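Q:
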Amino acid sequence: MPGNKAVAYREPGVVEVVDIDYPTLELRDGPGVNPANVGRKVPHGVILRTVSTNICGSDQHMVRGRTTAPSGLILGHEITGEIVEKGPDVEFLDVGDIVSVPFNIACGRCRNCKERKTGICLNVNPDRPGSAYGYVDMGGWVGGQAEYVLVPYADFNALKFPDRDQALEKILDLTMLSDIFPTGFHGCVSAGVGVGSTVYVAGAGPVGLAAAASAQLLGAAVVIVGDLNKERLEQARSFGCEAVDVSAAPIPEQLEHILGEREVDCGVDAVGFEARGHGSESATEQPAAVLNSLMEITRAGGSLGIPGLYVTGDPGAATEAGKIGSLSLRLGLGWAKSHAFTTGQCPVMKYHRGLMNAILHDKVQIAQAVNAKAIPLTEAPTGYQEFDEGAATKFVLNPNDYIRAA
Ligand SMILES: NC(=O)c1ccc[n+]([C@@H]2O[C@H](COP(=O)([O-])OP(=O)(O)OC[C@H]3O[C@@H](n4cnc5c(N)ncnc54)[C@H](O)[C@@H]3O)[C@@H](O)[C@H]2O)c1
Ligand SMILES: [Zn+2]
Ligand SMILES: [Zn+2]
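Using the numbering used here, you'd call the opening residue of the sequence shown number -14 and step up by one each time.
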């Protein structure tokens, strides 16, 4: 049986490459595995040899010690892989298929899955609705920043790429289908982006850049990206977005300069609870800063798409309220403007097939927009560190050398 190298969270600021067991069609005990999931049989699962697996801002929340993730948790929820083994209940996939795996794990059988709300599946996480690979409080499904990984309910979850050679050729684009491309797209769809919209995306990390590229794909007239990281703002400009430095002049003033008015049609939060304050307060964290500013700058009747993550427990929060995820929201403003809010995990499956086709037919250059860069799995600690320092790069781990150009 092959070995299995994987990336583990060790302690705040530290990840390491470790040897773990080769997966079997059963969820076994390990760091972060929910006791009620130990021994769970997975005849509906496949084992993948990982083709690509990306480092995400969501991983950083754990690695920065801002969650209750236990030491030893195997990371990785953005998985693309080749099927090397399939369980007896897998009917429609085969060994040799290359598939994209939504980061949400979904059973395909519960009420929410039937309503296409796969980000809040009721059957995969014993503690609460919603699950993901390699993530704290998500049921304990082992992460995919590894050479091999188990994917349950494979017929339902996996998206097979139509052609193997074409898939490997476009892998740096297709690898974004497991999370950030659908997530950014969902942020825009839920913010009501359409032809001619003016859009403000808070955050120029990979999710914000993916949202900006999605807004363009959806036909937005103007896409404005805000951040305080100059290199990331430059990356947004590189594919035709306007950029706003939130540490400089007030955002409405900068919008007026770009648009001739102080509001946009659609607002997207691609930052989450580790948001910095604006203007002179940008040196400190203000978890509600983005949400409050989106209510200020989104037109009355507009919608806010909120893919940015907000947690129910944050041991690193500056305030007692923050420790349980309570924010100082100016909801009255959103109410007065009849805003609609959409939060939560992106239901990846709603979007991944369409976005795959957009990639395969060259309708979007997502790898270029997020500046994808492949690195060996063994260099994951460096990737995590550079990403944490704010590199304008989406790091893609290449555990089995499928990505030849790396
Ligand atoms: N909902 C989902 O399904 C889903 C999926 C993937 C990621 N996420 C979340 O999306 C968020 C973004 O992910 P990422 O990988 O791009 O993370 P990231 O940490 O790389 O990017 C966040 C960016 O926000 C910037 N920022 C901080 N305060 C800001 C402010 N007030 N205004 C504008 N920009 C500000 C930071 O400088 C950084 O560049 C994270 O919270 C992540 O957990 C959610
Ligand atoms: Zn992710
Ligand atoms: Zn379900």
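Yeah, the Cβ is synthetic: ideal placement off N, Cα and C, and Gly gets one too.
Every value quoted in this text rests on a predicted model; they were computed, and no experiment measured them.
Which same chain residues end up closer than 7 Å to A285 when comparing Cβ atoms and leaving out the 5 residues on each side of it in sequence?
A: Around A285: K322, S323.
Q: Between which two residues does the alpha helix (DSSP H) containing C173 stretch?
A: Per DSSP, C173 belongs to the alpha helix (DSSP H) from 165 to 175.
Q: On the premise that L289 lies in contact with F326, defined as a C-beta separation below 8 Å, what is that separation, rounded to the nearest angstrom?
A: So it is a contact: roughly 5 Å between Cβ atoms.
Q: Ligand 4 and R113: does the residue's C-beta get closer than 7 Å to at least one heavy atom of that ligand?
A: The ligand content of the structure shown is limited to ligand 1, ligand 2 and ligand 3, which means ligand 4 is not among them.
Q: So T327 is in the beta strand (DSSP E); what residue range does that whole segment cover?
A: Run containing T327: 325 to 327, per the beta strand (DSSP E) assignment.
Q: Give me whichever residues DSSP pairs with R261 in a beta bridge.
A: DSSP lists E270 as partners of R261.
Q: Quick check on DSSP: helix, strand or coil for G211?
A: Strand, per DSSP.
Q: Nearest CA to the CA of K358: which residue from G368, K145, L10?
A: Nearest option by C-alpha distance: G368.
Q: Using a threshold of 8 Å, state whether the C-beta atoms of I59 and A152 are closer than that.
A: For I59 and A152, no; Cβs fall outside 8 Å.
Q: Going along the chain, which residues of its own chain have a beta-carbon closer than 8 Å to the beta-carbon of P147, five neighbours each way excluded?
A: So the list reads L345, once near-sequence residues are dropped.
Q: Per DSSP, what are the beta-bridge partners of F380 in this structure?
A: Looking at the DSSP assignment, F380 forms a beta bridge with K358.
Q: Spatial neighbours of P350 within its chain, please: CB distance less than 8 Å, with the 5 preceding and 5 following residues excluded, ordered by chain position.
A: Looking at the sequence provided, one finds Gln at residue 350 rather than Pro. D158, A198, F224.
Q: CB Q45 to CB L382, shorter than 8 Å?
A: Going by C-beta atoms, Q45 is not nearer than 8 Å to L382.
Q: In the DSSP assignment, find the unbroken beta strand (DSSP E) run with I83 in it and report its ends.
A: Taken as a continuous stretch (DSSP letters only), the beta strand (DSSP E) holding I83 covers 83 to 86.
Q: Beta-carbon within less than 7 Å of N97's beta-carbon, same chain only, minus the 5 sequence neighbours each way: which residues are those?
A: Result list for N97: I105, C106, L107, P114, in chain order.
Q: Assuming S116 is part of the beta strand (DSSP E), what are its boundary residues?
A: Run containing S116: none; DSSP gives neither H nor E here.
Q: Specify whether the region 23 to 40 and the region 129 to 145 touch according to this definition: at least 3 beta carbon pairs, one from each stretch, less than 8 Å apart.
A: Yes, they touch.
Q: Nearest CA to the CA of A21: which residue from A143, D122, T65?
A: Cα-wise, what sits closest to A21 is D122.
Q: Let me check you understand the geometry: is the CB of C98 closer than 7 Å to at least one non-hydrogen atom of ligand 3?
A: Yes, since a heavy atom of ligand 3 falls inside the 7 Å radius drawn around the Cβ of C98.
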